[in-house]
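Reading through the structure tokens given below for one structure.
Residue numbers (the numbering used here): 41 to 587.
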């Protein structure tokens, strides 16, 4: 039975559904740390109302998508002509790809799989910008812009927060990114998990998106409301972009459950806001508990999930399968995410009682009795510490250069970066950052560099996939002079708009490997919606109506 259950994970790029696991195991579903859902919403009161209305919901046709969208826009105070609702955000991603992505799309990886898979399936070139493990998977927007310009990419995506690591960029940084790339065909800011962020009070750019010619904001309702099965999400853009997507959607693409929930929301706004507070509180507590496990690294997150790196020697698929079969706990192992490996798990934020069960299960599987433990015995003089990994040791031993300098000198290429193997880094296929001392790039650690095959026999180049053969594109050396739309190099990068005017861009400050720092949950909920003034009713995010 255990073999049958775990085999479900080997059939695709995504985790199996809870229904598939229940059918295969013949048992009730496991404790779910895999599917990133809000565990506190709908409230019991709202769920009781849905239950009482179930017969009518499944018996009758829903209203048209226009009717449901109009009600949602009334709640959000958004102009209906700027919104398109989909049967899940993946339906909208599909149509965005078909209608608005002409030839190429750039996306940081690891990220949500549909942003890499969907364009490849329709023959587009996908330029993947690798987020560096040594920098905590933080996205440097200036380097990302340079990457986009060097590739000549025509569409760009940022997931904010990013899935699976929970990385977050402030609103003004996102807007500066959009302004710097105003000449692209399309920019998508995927805010599917932004409701769970508490880094700033108003992090969404929906108001600004409706005024820009090439920006789409994607939002998810299923994730926020704990209703993945209902399948509904929406996008916000200027009337031209939104109308183009909306015109292709079926008249009844939204189901009766989605309609019922949207029309109920005005009565449950206060409970929804409270659920977000509870998730943010639990995220801090869960990060603290997981950080006590020897050798486990927990990355800071603004989503409703945490990205963790397993101790040296632990294999994610083994840990996943044993947690499921021995402890009835379902986790997301990230080995099938481009830019990640089986060293990493994504763990959804859940109530404290469930987290204690998870921590206990991980202790048993990772350390347990030494016999059969996932983490091997340590040699004398070695001890676990949070953040320990082969790549960290490599970077430390080379003064941050991230490549074996001795090997370079031995082959007559002193100072020339050498490609890293999976064995050396612990990260299968993960490009590694190189310092300025190694590549003449003014001391900027973490900048993905490209070298010709003639220089070192192997390019350390972020992968570029083509639909024709699925094989990484041929590496091409790039110089500053060849980079379109930018002047200077990272650290002094000035983006240029379509008119050739320089655009200032906030520069990231060098940071050490980030560690979670507990922060108080703000009294006011962030993002959409704001806290109701009297603790009741559904608040709205103000936005100027577009005529």
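Glycine residues also receive a C-beta, built at the ideal position from the N, C-alpha and C atoms.
One or two residues paired with residue i in a DSSP bridge
i	result
residue 346	387
residue 274	125 and 259
residue 372	386
residue 199	230
residue 300	Bridge partners of residue 300: none, in fact.
residue 591	Nothing about residue 591 can be reported from this structure: the residues present for the chain run from 41 to 587 only.
residue 73	371
residue 337	349
Between the CA atoms of residue j and residue i - distance to the nearest angstrom
i	j	result
residue 276	residue 282	7 Å
residue 190	residue 198	18 Å
residue 303	residue 90	12 Å
residue 151	residue 381	12 Å
residue 252	residue 258	15 Å
residue 188	residue 221	9 Å
residue 354	residue 368	19 Å
residue 286	residue 366	47 Å
residue 196	residue 85	41 Å
residue 362	residue 149	27 Å
residue 348	residue 93	41 Å
residue 477	residue 192	Note on residue 477: pLDDT 35, under 50, position unreliable in the model; the coordinate value appears next. Taking the straight line from one Cα to the other gives about 28 Å.
residue 201	residue 227	16 Å
residue 172	residue 207	12 Å
residue 311	residue 235	14 Å
residue 117	residue 232	19 Å
residue 186	residue 168	13 Å
residue 113	residue 400	44 Å
residue 398	residue 69	15 Å
residue 588	residue 256	Residue 588 is absent from the model: the chain starts at 41 and stops at 587.
residue 244	residue 408	44 Å
residue 95	residue 315	27 Å
residue 160	residue 135	14 Å
residue 10	residue 364	Nothing can be reported for residue 10: it is not among the residues displayed for the chain, which extend from 41 to 587.
residue 212	residue 230	16 Å
Same chain, Cβ closer than 6 Å to residue i, neighbours up to 5 away in sequence not counted
i	result
residue 296	97 and 102
residue 293	105 and 127
residue 395	326 and 329
residue 280	none
residue 178	207
residue 298	270 and 272
residue 72	370
residue 414	354, 358, 359, 405 and 406
Of the listed residues the options, nearest to residue i (C-alpha basis)
i	options	result
residue 351	405, 254 and 268	405
residue 403	250, 114, 87 and 331	331
residue 176	364, 123 and 346	346
residue 142	361, 206, 288 and 224	224
residue 180	156, 192, 214 and 193	214
residue 301	95, 71, 84 and 108	108
residue 387	407, 359, 87 and 379	359
residue 241	392, 415, 342 and 194	342
residue 262	71, 70 and 82	82
residue 204	398, 414, 415 and 340	340
residue 87	164, 379 and 305	305
residue 162	218, 133, 317 and 254	133
residue 131	170, 288 and 250	288
residue 164	170, 154 and 144	144
residue 194	174, 122 and 218	218
residue 391	344, 135 and 137	344
residue 166	414, 338 and 147	147
residue 121	209, 212, 290 and 250	250
residue 74	254, 414 and 389	389
Cβ shell of residue i (< 8 Å), same chain only, five flanking positions each side left out
i	result
residue 373	49, 356, 357, 359, 360, 382, 384 and 385
residue 284	139 and 140
Same chain, Cβ closer than 7 Å to residue i, neighbours up to 5 away in sequence not counted
i	result
residue 111	302 and 303
residue 378	149, 150, 156 and 168
residue 100	296
- Query: Can we say the segment 68 to 85 touches the segment 264 to 276, given the rule of at least three CB pairs closer than 8 Å?
  - Reply: yes
- Task: Decide if the segment 318 to 327 is in contact with the segment 119 to 139; the criterion is three or more beta carbon pairs, one per stretch, under 8 Å apart.
- Result: no
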